[in-house]
Structures are given as C-alpha cells and as structure tokens.
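Notes follow once the structure below has been shown.
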Amino acid sequence: MYYSNFYWSAYTPINSNESFANNGYTYDVSQILNDSGDGVDIEKYKAYGPPYFSGANVFGQGAWFAWYPLTLFYVSIQHYEALKRSFYDMYKGIRYRSSAFGDNDDPHSRMMRAYPEVADWWFIGVLLISLVLGIIALKAYPVDTPVWTLFAVVGLSAVFLIPSALLLANANVTMGFNVLFQLLAGYWFVGNPEALIIVTAYGQNFNSQAENYISDQKMGHYAKIPPRAVFRGQMLSVLVNCFIFVGMLDWMVQSFDNGTLCEWNNPQHFVCTDAVLVFASAIEYGAFGVKNFFTLYPFLPWCFLVGGLVGIGWGVVQKFGPHFKSMCRRRWSERTFATWDTWMFRPMELFAWFDPAVFWAGALNWTGGNNLSYATNGIYISFIFMYYIKRNYGPWFEKYNYLLEAGFDVGVAISGIIQTFAFDFGPSITLNWWGNTVSTAGVDYVSYNQNASLYPIPASGYFGLAPADFPMKF
Numbered sequence: 025m026y027y028s029n030f031y032w033s034a035y036t037p038i039n040s041n042e043s044f045a046n047n048g049y050t051y052d053v054s055q056i057l058n059d060s061g062d063g064v065d066i067e068k069y070k071a072y073g074p075p076y077f078s079g080a081n082v083f084g085q086g087a088w089f090a091w092y093p094l095t096l097f098y099v100s101i102q103h104y105e106a107l108k109r110s111f112y113d114m115y116k117g118i119r120y121r122s123s124a125f126g127d128n129d130d131p132h133s134r135m136m137r138a139y140p141e142v143a144d145w146w147f148i149g150v151l152l153i154s155l156v157l158g159i160i161a162l163k164a165y166p167v168d169t170p171v172w173t174l175f176a177v178v179g180l181s182a183v184f185l186i187p188s189a190l191l192l193a194n195a196n197v198t199m200g201f202n203v204l205f206q207l208l209a210g211y212w213f214v215g216n217p218e219a220l221i222i223v224t225a226y227g228q229n230f231n232s233q234a235e236n237y238i239s240d241q242k243m244g245h246y247a248k249i250p251p252r253a254v255f256r257g258q259m260l261s262v263l264v265n266c267f268i269f270v271g272m273l274d275w276m277v278q279s280f281d282n283g284t285l286c287e288w289n290n291p292q293h294f295v296c297t298d299a300v301l302v303f304a305s306a307i308e309y310g311a312f313g314v315k316n317f318f319t320l321y322p323f324l325p326w327c328f329l330v331g332g333l334v335g336i337g338w339g340v341v342q343k344f345g346p347h348f349k350s351m352c353r354r355r356w357s358e359r360t361f362a363t364w365d366t367w368m369f370r371p372m373e374l375f376a377w378f379d380p381a382v383f384w385a386g387a388l389n390w391t392g393g394n395n396l397s398y399a400t401n402g403i404y405i406s407f408i409f410m411y412y413i414k415r416n417y418g419p420w421f422e423k424y425n426y427l428l429e430a431g432f433d434v435g436v437a438i439s440g441i442i443q444t445f446a447f448d449f450g451p452s453i454t455l456n457w458w459g460n461t462v463s464t465a466g467v468d469y470v471s472y473n474q475n476a477s478l479y480p481i482p483a484s485g486y487f488g489l490a491p492a493d494f495p496m497k498f
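Remember, the numbering used here sits 24 above the position in the sequence shown when you count from 1.
As structure tokens, this is what we get:
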C-alpha cells in the first residue's frame with residue numbers, strides 16, 4: 025500500500041496514526057470548525073481540505089470493518105449452542121435467581137458453591153447508578169451529546185457482550201467496539217467530534233469493563249476466591265483508579281505547560297499514542313463524517329462484505345465440512361471420492377487448524393502508530409517460550425510460564441515507579457548509553473516523529489483531491 029502510493033499514503037509517514045492535511049502537516053481540525061466548535065464551517069473546509077491518513081491507519085480501519093461481521097458470523101456459526109445456552113442462562117438467572125453454576129458438577133464448581141454468589145440485583149444496581157451518573161454528565165457539561173445515545177450504547181453493548189466474551193474465552197481476542205461506535209456516532213452526529221468521543225468512550229468501556237470482570241471471575245473461580253470478594257475488589261479498584269487517573273492527567277497537563285504534551289517533540293516521550301488515535305478518529309468520523317470518509321476511501325465499505333463472507337465461509341466449512349465429507353464417502357464410488365479427497369477435502373482440512381479470529385486480530389494490532397521494534401520483541405519472546413521451552417521443557421512451562429509472565433508485568437510496573445521518582449522528581453540525571461539512544465538512531469524514529477514520507481509534496485503544494493473534488497456530504 026505504501027510503496028504503491030495507495031490513496032496518497034506515500035505522502036505520509038508509513039505507520040502514523042495521526043491525520044494529515046494535504047500539505048503533509050498534521051491536520052488542524054480547528055481550521056474547519058465553526059466559531060462555537062461544535063460543527064464544520066463549510067467555507068473553512070473548502071479552503072483547508074479533507075484529512076488524509078497513513079497506509080497503516082487505512083489498513084487498520086479496513087481490518088476493523090471486516091472484523092465485526094467476520095467474528096459475529098463465525099462465532100454464531102461455530103458456537104451456536106454455547107451462545108444459545110449463555111443467553112438462556114442469563115435470562116434464567118435474572119428471572120428465577122438460579123445459580124450461576126447451573127448444572128456444572130466439576131470439582132471447581134462444587135467447591136465454589138460453598139461461597140455465596142453475587143446477587144443479580146447488585147449488577148443491576150451498578151448499571152442504574154452508572155446510567156444516572158452518565159445522564160448527569162451529559163446534561164451538566166457542554167458536550168453536545170443527547171441522552172438517548174447512552175441508552176443506545178448500552179443496548180448495543182449488551183447484545184454483543186456474550187459473543188465477545190465467548191470469543192475472548194476461545195481465542196483470547198476480544199471484539200473491541202471502539203471503531204463500531206465511532207462509525208455509528210459518525211452517522212448520528214455529522215460534523216460533531218465531541219459527541220463521537222463521548223459515544224466511543226461509553227461504548228468501549230461498557231464491554232471492556234464487563235470482560236475484565238469476567239476474566240477476574242474466571243481467575244477467582246480457579247483460585248477459590250469468594251465471588252463477592254472479587255466483586256468488591258473489582259468495584260473498589262475501578263473507583264480508586266478513577267481518582268488516580270484524573271490526578272495523573274492533571275499532573276501531566278501541569279507538568280507540560282509548554283504545549284508539548286501528546287506532541288511528537290515531547291522531551292520525555294509522552295506522545296499519548298492512544299489519545300492521538302482517538303483524536304484522529306474524532307476528525308475522521310466526527311468532524312469529517314463517515315459519508316465523506318467513505319467517499320475519500322471508497323474501498324472501505326467493501327471490507328464489511330469481505331469480513332462477512334470470510335466469517336460465514338470459514339464457519340460453515342469448519343462446522344459442516346466433516347459431515348459433508350462423510351456423506352460423500354458413503355454415497356460416492358471409491359474412485360470418485362479418492363479424487364475429491366485428494367484435491368478438495370484434504371486441503372480444506374487445514375481450515376480446522378486455523379482460527380480466522382486470531383489471524384485477523386494481528387491486522388487489528390498493526391503498529392498503532394509505533395515502529396516495527398514494538399512488534400519484533402514479541403516475536404522473539406513468543407518463539408522462545410511458546411515453541412522452544414514448551415516443546416523441550418514441558419513440566420517447567422506448565423508450572424512457571426504464566427507466573428513468569430505475571431512477574432514481568434509486575435517488574436515493569438515497579439521499574440516505572442522507581443524511574444519516575446528517581447529521575448523525574450530527583451536531581452536532573454541523563455543516562456547516555458546505547459539502550460537509551462538506539463531507538464532514536466534510525467529512520468524508524470524519524471517516521472515515528474511524523475517526519476518521514478516516501479514522496480515529497482508535489483510542486484502544486486498539495487497532494488490528494490483537487491479543491492473542486494473535496495467530499496461535501498455534511
């Protein structure tokens with residue numbers, strides 16, 4: 025995509041997650057907003073032009089558009105019985121207050137029955153309190169977002185929660201709903217980036233918090249932690265984290281009052297990759313609008329069809345392929361079946377060893393605005409632990425692999441605390457050695473700082489569409 029200048033991508037850094045004006049500089053959304061900042065000024069937009077995006081960003085957007093129909097159809101076909109049972113158990117638990125363990129009689133469930141379960145009304149109470157606080161926030165602050173969007177987000181999230189959790193349990197990947205809600209908000213509120221950010225925040229957190237709690241329940245189930253203790257711990261940690269996060273943001277804003285916070289020239293590399301991506305999406309779907317975005321990149325809507333066909337095809341082949349092969353073996357002659365078996369059935373058996381959700385998840389996590397070094401480390405570690413050690417030191421792997429992974433996570437957190445207090449709040453110390461300088465020595469760092477593109481800006485002074493061809497579907 026990049027080296028073929030696919031949709032002007034060669035005029036931008038290859039892996040950037042920002043949006044760009046047609047002069048190659050970062051897109052300044054204030055140049056197209058009206059004086060109140062809640063909509064697009066058409067005349068300003070005609071003078072400034074639409075936003076453009078890097079090859080990696082466009083590739084990632086297409087992957088997300090294909091991801092939703094792919095996973096929805098694939099999970100529905102492959103795990104239909106589990107989905108039906110999950111929805112029924114949820115209804116039965118609320119309607120008849122039945123046990124969460126159901127008919128499970130395994131040793132873990134028998135031991136966990138000794139603890140009182142979390143009552144359903146506890147969860148309903150948390151939902152109602154959250155809705156009330158959300159409504160108050162939408163009404164109290166000038167975010168220009170109607171209250172009905174909150175209920176729409178909750179309703180859609182509730183429908184997708186069980187399929188997403190089932191996918192997480194089977195493939196260790198989650199559906200992720202940020203792009204879906206960005207797309208919907210772009211249709212609902214054309215030219216309103218603030219509303220898009222609000223809708224995206226609510227939509228993403230509904231399912232992520234639910235899936236985090238489900239994962240903690242699973243760990244608590246195997247560790248024999250009382251369910252109500254897990255509930256209290258989760259609620260307390262989320263509540264405390266809210267204050268910590270707000271305090272951290274306030275400290276960051278106060279510490280970088282020179283205007284470099286979330287900029288690529290920040291001296292301490294507080295470049296806010298995720299925040300920049302959300303801001304770019306607010307421009308992409310909110311200010312610019314979904315219809316204009318699809319006019320600028322017309323191939324993207326077809327990704328929904330591609331994802332749906334892949335999900336349906338893969339799910340049908342995996343689920344019904346063995347039955348079809350057995351039927352053909354019974355009905356066809358031995359010679360005919362042998363021919364079809366060689367050229368069709370055996371090659372298609374490879375589908376059974378391949379999970380499209382895991383494969384597609386790799387496309388979703390492509391770079392994220394970072395350079396290749398962020399991905400190669402994971403390849404080395406995965407090969408060492410998940411291939412070499414697992415095959416040659418099986419008992420050690422089963423006993424210590426996941427404990428070591430948890431230790432790495434804790435070690436990074438402790439190291440961050442030590443570095444922050446030792447170097448940021450202590451005397452000004454600069455450690456100049458290879459480990460601190462190698463990351464800024466090559467073109468990766470130049471690209472990371474939005475300063476490297478394959479092609480220079482044309483002599484006309486801009487790339488992309490001519491002003492007369494700008495998308496105008498506001």
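Note that the Cβ used here is the ideal one computed from N, Cα and C, for glycine as well.
Among residues of its own chain, excluding the 5 on either side of Y404, which ones have a beta-carbon nearer than 6 Å to its beta-carbon?
Within the same chain, Y404 has no close Cβ partners at all.
Would you decide whether N202 is buried or exposed? Buried here means 16 or more other CB atoms lie within 10 Å of its CB.
With 16 or more Cβ atoms within 10 Å of its Cβ, N202 is classed as buried.
If I'm right that S28 touches V82 with Cβ under 8 Å, what's the distance once you round it to whole angstroms?
Not really, about 13 Å apart at Cβ, beyond 8 Å.
Taking the alpha carbon of S181 as the point to measure from, which residue in H347, E235, L273 has its own alpha carbon closest?
When each option's Cα is compared against that of S181, the closest is E235.
Using the beta-carbon count (16 or more within 10 Å), is N282 buried or exposed?
N282 is exposed by the Cβ-count criterion.
Which full runs of the beta strand (DSSP E) of 3+ residues lie inside the region 46 to 73, going along the chain?
If we require 3 residues or more, the region 46 to 73 turns out to have no beta strand (DSSP E) run fully inside it.
Quick one: residues in its chain with C-beta nearer than 8 Å to the C-beta of M276, no 5 flanking neighbours on either side, listed in chain order?
Excluding sequence neighbours, M276 sits near L285, F294.
With 16 as the cutoff for other CB atoms within 10 Å, does H132 come out buried or exposed?
It counts as exposed.
Does the distance from the C-beta atom of T36 to that of S78 stay below 8 Å?
Yes, they are a contact pair.
Please identify the residue among L191, L162, V264 whose C-alpha is closest to the C-alpha of L107.
Closest option to L107, Cα to Cα, is L191.
In three-state terms, what does DSSP make of F44?
F44: strand per DSSP, three-state reduction.
Which residues share a DSSP beta bridge with Y237?
According to DSSP, which records beta bridges pairwise, Y237 is partnered with nothing at all.
Please look up how many angstroms separate the CB atoms of W384 and L151, rounded, as I've assumed it's under 8 Å.
Not a contact, Cβ separation roughly 31 Å.
Helix, strand or coil for F77 per DSSP?
Strand at F77.
Under 8 Å between the Cβ atoms of G310 and N216?
It is a contact, given that the beta carbons lie within the stated cut-off.
Taking the alpha carbon of N41 as the point to measure from, which residue in A299, A176, V197, D274 has its own alpha carbon closest?
Ranking A299, A176, V197, D274 by Cα distance to N41 puts A299 first.
Under the three-state reduction of DSSP, which class applies to H245: helix, strand or coil?
Of the three classes helix, strand and coil, the one that applies to H245 here is helix, per DSSP.
Whole angstroms is fine: what's the gap from F44's alpha carbon to P482's?
The alpha-carbon atoms of F44 and P482 are separated by roughly 15 Å.
Excluding the 5 residues preceding and the 5 following I186 in the sequence, name in chain order all residues of the same chain whose CB lies nearer than 8 Å to its CB.
Cβ neighbours of I186 beyond the five flanking positions: L107, S110, F111, M114.
Taking P380 as the reference, give the member of P346, T363, V340 with the closest Cα.
Comparing Cα-Cα distances from P380 to each of P346, T363, V340, the minimum goes to V340.
Can you give the Cα-Cα distance for A399 and F361, rounded to whole angstroms?
Going by the C-alpha atoms only, they are around 45 Å apart.
Under the three-state reduction of DSSP, which class applies to S261: helix, strand or coil?
If DSSP states are grouped into helix, strand and coil, S261 belongs with the helices.
Could you name the residues of the same chain whose beta carbon sits closer than 6 Å to that of T9, not counting the 5 residues immediately before and after it, in chain order?
Residue 9 lies beyond the residue range present for the chain, which begins at 25 and ends at 498; the question has no answer from this structure.
When you compare only the Cα positions, how much space is there between V167 and N316?
About 23 Å.
Alpha helix (DSSP H) containing F317: first to last residue?
Counting along the chain, the alpha helix (DSSP H) containing F317 begins and ends at 314 to 320.
Locate the alpha helix (DSSP H) running through M135, then write down its first and last residues.
Residues 131 to 136.
Decide if F312 is buried, meaning its Cβ has at least 16 other Cβ atoms within 10 Å, or exposed.
F312 is buried by the Cβ-count criterion.
Please determine if the region 322 to 333 and the region 239 to 251 are in contact, where contact requires at least 3 C-beta pairs separated by less than 8 Å.
Segments in contact, no.
If you compare alpha carbons, which of A209, A189, W145, F255 is closest to W12?
One cannot answer for residue 12 here, as it falls past the ends of the chain, which runs 25 to 498.
Are V314 and Y211 closer than 8 Å when you measure CB to CB?
Their beta carbons are under 8 Å apart, which means V314 touches Y211 by this criterion.
In this structure, how does DSSP classify V167 when only helix, strand and coil are distinguished?
Coil, per DSSP.
Tell me which residue opens and which closes the alpha helix (DSSP H) that D433 is part of.
Segment 418 to 443, the alpha helix (DSSP H) holding D433.
Would you identify the three-state DSSP class for Q206, choosing helix, strand or coil?
Here Q206 sits in helix by DSSP.
Among A306, G345, L489, whose alpha-carbon lies nearest the alpha-carbon of P371?
Answer by Cα proximity: G345.
When you compare the CB of D240 with every CB in chain C, is at least one pair closer than 8 Å?
Looking for chain C here will not work: only one protein chain is present.
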